[in-house]
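Engineer: If you scroll down you'll find the structure; I have some questions about it.
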Amino acid sequence: MTTTLLPMPRVRARPIPIIASNGQPQVLADAHGRIATDLRVSVTDRCNLRCTYCMPPEGLDWLPQSALLSQEEILRLVGVGVGLLGIKTVRLTGGEPLLRRDLEGLVAGIARLSPRPTIALTTNGIGLAARASDLAAAGLDRINISLDTLDPATFKRLARRARLTEVLAGVAAAKQAGLEPVKINAVLMRGINDHEAYGLLRWAMREHVQLRFIEQMPLDAQHAWQRSEMITAEDIRRLLGEHVVLTEDPAEAATRGSAPAELFRVYLDGTDTGYSVGIIAAVTKPFCGACDRVRLTADGQLRNCLFAMSESDLRTPMRAGASDSELADIWVANVAGKWPGHGIDDPSFLQPDRPMSAIGG
Ligand code: SAM
168 MTTTLLPMPR VRARPIPIIA SNGQPQVLAD AHGRIATDLR VSVTDRCNLR
218 CTYCMPPEGL DWLPQSALLS QEEILRLVGV GVGLLGIKTV RLTGGEPLLR
268 RDLEGLVAGI ARLSPRPTIA LTTNGIGLAA RASDLAAAGL DRINISLDTL
318 DPATFKRLAR RARLTEVLAG VAAAKQAGLE PVKINAVLMR GINDHEAYGL
368 LRWAMREHVQ LRFIEQMPLD AQHAWQRSEM ITAEDIRRLL GEHVVLTEDP
418 AEAATRGSAP AELFRVYLDG TDTGYSVGII AAVTKPFCGA CDRVRLTADG
468 QLRNCLFAMS ESDLRTPMRA GASDSELADI WVANVAGKWP GHGIDDPSFL
518 QPDRPMSAIG G
């Protein structure tokens, strides 16, 4: 089975000045009082895993090379975001970003932008062992590695590839390269790896990595997600609660800001372990009100939400010679039209045509 992306309505650019009347650069504000400062850039839609919650076994119809943004084009657009629109954090993601051989060059180019943004990477860790130190040297500040299981057989079942050893080597290399604290993203699937919740926590505590469980979202290419089947944040707390006591940390809640993960302090045998585990309840406890994100796809489309039903094309005008300020205008208009929430609970909710792997998680 292959999945074809349907054409999506484009958000029309509105003539909003990029320099406010006080002479300050424009910010990416929406109509609900939020300001986007966190840019997620998908650098490729391709992936070397086939996680069941993400895509079918045969993969997808990958974007042709000509549609993908080049390193120069990504740097130009990120430069507009950072230099003109107040973007402060740039996260490189995919698809699998390590599949791009020029990732180190991209990181180095972003690190040269002014003001220099924080640079983060979300990766499945395959191939990271050989590249973590070069990425850190190029300017990478933070890393999230996706790891759903510690059992080789379950990994093969869930990701449809037997590559657990490489992922674990990647985690070790990231720590070695000083990219700490390494964050680990885990999605639990009912009947596949949900029995591993506590095993993952024990491992993360031992390895001094920050574990964050993510609720499975309706972003799979197969459109097979079912709310009744997903492991909820409440399920995760219950599964962990069979072994440890989790307490909400009021100090952390006060400083959470736009961070998607709610942190819970872990107590073992009545003792505070000093470790906090994160749970990202994107479906059952959405944090859209604090969202500060905007996304750029590998083919140069802006999305103001993972679940947006429209996109703004930056690639076509850029290739046609648009100026930085014209590109910024399109960007400002895109974020201005951001919905208040993702609406998964709304009866009229429709899953976007682009799956997670083609948006950039
Ligand atoms: N390949 C990289 C990786 O594995 O981290 C980056 C892209 S991947 C789409 C980013 C994150 O999205 C991963 O942590 C993955 O587990 C998560 N993800 C993918 N599909 C998801 C879904 N339907 N619901 C929740 N998280 C999902």
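Quick note: the numbering used here has the sequence shown finishing at residue 528, numbered continuously throughout.
Yeah, the Cβ is synthetic: ideal placement off N, Cα and C, and Gly gets one too.
Which one of L302, Q193, G200 has the shortest CA to CA distance from V249?
Structural biologist: Against the sequence shown, residue 249 aligns to sequence position 82. Here the closest residue by C-alpha is Q193.
Engineer: Indicate, with yes or no, if ligand 1 has a heavy atom lying under 6 Å from the CB of N291.
Structural biologist: In the sequence shown, the residue the question calls residue 291 occupies position 124. N291 Cβ: within cutoff of ligand 1.
Engineer: Following the continuous alpha helix (DSSP H) through R373, name the residue where it begins and the one where it ends.
Structural biologist: Taking the first residue of the sequence shown as 1, we reach residue 373 at position 206. Element bounds for R373: 364-374.
Engineer: Closer than 8 Å is the cut-off here; do at least three beta carbon pairs connect the region 304-312 with the region 344-359?
Structural biologist: Yes, the region 304-312 is in contact with the region 344-359.
Engineer: Between the C-alpha atoms of V461 and T219, what's the straight-line distance to the nearest angstrom?
Structural biologist: As a position in the sequence shown, residue 461 is number 294, starting the count at 1. As a position in the sequence shown, residue 219 is number 52, starting the count at 1. One C-alpha to the other measures close to 26 Å.
Engineer: Can you tell me the Cα-Cα spacing of A336 and N291, whole angstroms?
Structural biologist: On the sequence shown, residue 336 is found 169 positions in, with the first residue counted as 1. On the sequence shown, residue 291 is found 124 positions in, with the first residue counted as 1. Each residue's Cα considered, the two are about 11 Å apart.
Engineer: Taking just the CA atoms, how far does A297 sit from D512?
Structural biologist: Residue 512 sits at position 345 when you count from the first residue of the sequence shown. Residue 297 sits at position 130 when you count from the first residue of the sequence shown. Taking the straight line joining both Cα atoms gives about 43 Å.
Engineer: So, are the CB atoms of V161 and D491 less than 7 Å apart?
Structural biologist: Since the first residue shown for the chain is 168 and the last is 528, residue 161 is missing from the structure and cannot be characterised.
Engineer: Could you check how far apart the C-beta atoms of A495 and L251 are, in whole angstroms? I think they sit under 8 Å.
Structural biologist: Here residue 495 is taken as the residue at index 328 of the sequence shown, counted from 1. Here residue 251 is taken as the residue at index 84 of the sequence shown, counted from 1. The Cβ separation is near 5 Å, so the contact holds.
Engineer: So, F454 versus P519, is the Cβ gap smaller than 7 Å?
Structural biologist: Residue numbering aside, residue 454 sits at position 287 when the sequence shown is read from its first letter. Residue numbering aside, residue 519 sits at position 352 when the sequence shown is read from its first letter. No, the pair does not count as a contact, with Cβ atoms beyond the cut-off.
Engineer: Give the straight-line distance between the Cα atoms of S515 and Q343, rounded to the nearest whole angstrom.
Structural biologist: Against the sequence shown, residue 515 aligns to sequence position 348. Against the sequence shown, residue 343 aligns to sequence position 176. The straight-line gap from Cα to Cα measures roughly 47 Å.
Engineer: Say whether the region 326-335 touches the region 209-216, bearing in mind that this needs 3 or more beta-carbon pairs closer than 8 Å, one atom from each stretch.
Structural biologist: Contact holds: three or more Cβ-Cβ distances are below 8 Å.
Engineer: Among D466, E493, R486, which one has its Cα closest to the Cα of P231?
Structural biologist: Indexing the sequence shown from 1 puts residue 231 at position 64. Among D466, E493, R486, the Cα nearest to that of P231 belongs to D466.
Engineer: T321 bridges to which residues according to DSSP?
Structural biologist: Looking up residue 321 in the sequence shown gives position 154. Answer is none; T321 lacks a bridge partner.
Engineer: Identify the residues that DSSP records as bridge partners of F431: which are they?
Structural biologist: Counting from one through the sequence shown, the residue named residue 431 turns up at place 264. Bridge partners of F431: E415, V444.
Engineer: Out of L235, L280, N360, state which residue places its alpha-carbon closest to the alpha-carbon of L406.
Structural biologist: Position 239 of the sequence shown holds residue 406. When only C-alpha atoms are compared, the closest one is N360.
Engineer: Would you mind sorting P385 into buried or exposed? The rule is 16 or more other CB atoms within 10 Å of its CB.
Structural biologist: Position 218 of the sequence shown, counting from 1, holds the residue named residue 385. P385 comes out buried.
Engineer: Can you give me the start and stop residues for the alpha helix (DSSP H) that A500 sits inside?
Structural biologist: As a position in the sequence shown, residue 500 is number 333, starting the count at 1. 491-503 is the span of the alpha helix (DSSP H), which, as asked, contains A500.
Engineer: Beta strand (DSSP E) containing T285: first to last residue?
Structural biologist: Translated into the one-based positions of the sequence shown, residue 285 becomes position 118. Run containing T285: 285-290, per the beta strand (DSSP E) assignment.
Engineer: Distance, Cα to Cα, D459 vs G253?
Structural biologist: Taking the first residue of the sequence shown as 1, we reach residue 459 at position 292. Taking the first residue of the sequence shown as 1, we reach residue 253 at position 86. In a straight line, the C-alpha of D459 is about 11 Å away from that of G253.
Engineer: So is the beta-carbon of S281 under 6 Å away from any non-hydrogen atom of ligand 1?
Structural biologist: In the sequence shown, residue 281 corresponds to position 114, counting from 1. Not under cutoff, so the answer is no.
Engineer: For Y442, which residues from the same chain have a beta carbon less than 6 Å from its beta carbon, with the 5 sequence-adjacent residues on both sides left out?
Structural biologist: Taking the sequence shown and counting its residues from 1, the one referred to as residue 442 is at position 275. Excluding positions up to five away in sequence, the list reads M372, V433.
Engineer: Could you tell me which residues DSSP pairs with F380 in its beta bridges?
Structural biologist: Here the question's residue 380 lines up with position 213 in the sequence shown. A353, I446, per the DSSP bridge assignment.
Engineer: Looking only at DSSP bridge pairs, what is I277 linked to?
Structural biologist: Taking the sequence shown and counting its residues from 1, the one referred to as residue 277 is at position 110. Looking at the DSSP assignment, I277 forms no beta bridge with any residue, so it has no partner.
Engineer: Which of the three DSSP states is assigned to A336 in this structure?
Structural biologist: Walking along the sequence shown from the start, residue 336 turns up at place 169. Here A336 sits in helix by DSSP.
Engineer: Looking at I310 and ligand 1, is the gap between the Cβ and the nearest heavy atom below 6 Å?
Structural biologist: The residue you call residue 310 lines up with position 143 of the sequence shown. I310: no, Cβ never under 6 Å from ligand 1.
Engineer: Quick one: is the Cβ of V338 within less than 6 Å of any heavy atom of ligand 1?
Structural biologist: As a first step, residue 338 is located in the sequence shown; it is residue number 171 there, counting from the start. It does not: the Cβ of V338 is nowhere closer than 6 Å to a heavy atom of ligand 1.
Engineer: Contact check, V274 vs A305 under 8 Å by CB: the rounded distance?
Structural biologist: Taking the sequence shown and counting its residues from 1, one reaches residue 274 at position 107. Taking the sequence shown and counting its residues from 1, one reaches residue 305 at position 138. At roughly 4 Å, the Cβ-Cβ gap stays under 8 Å, so V274 and A305 are in contact.
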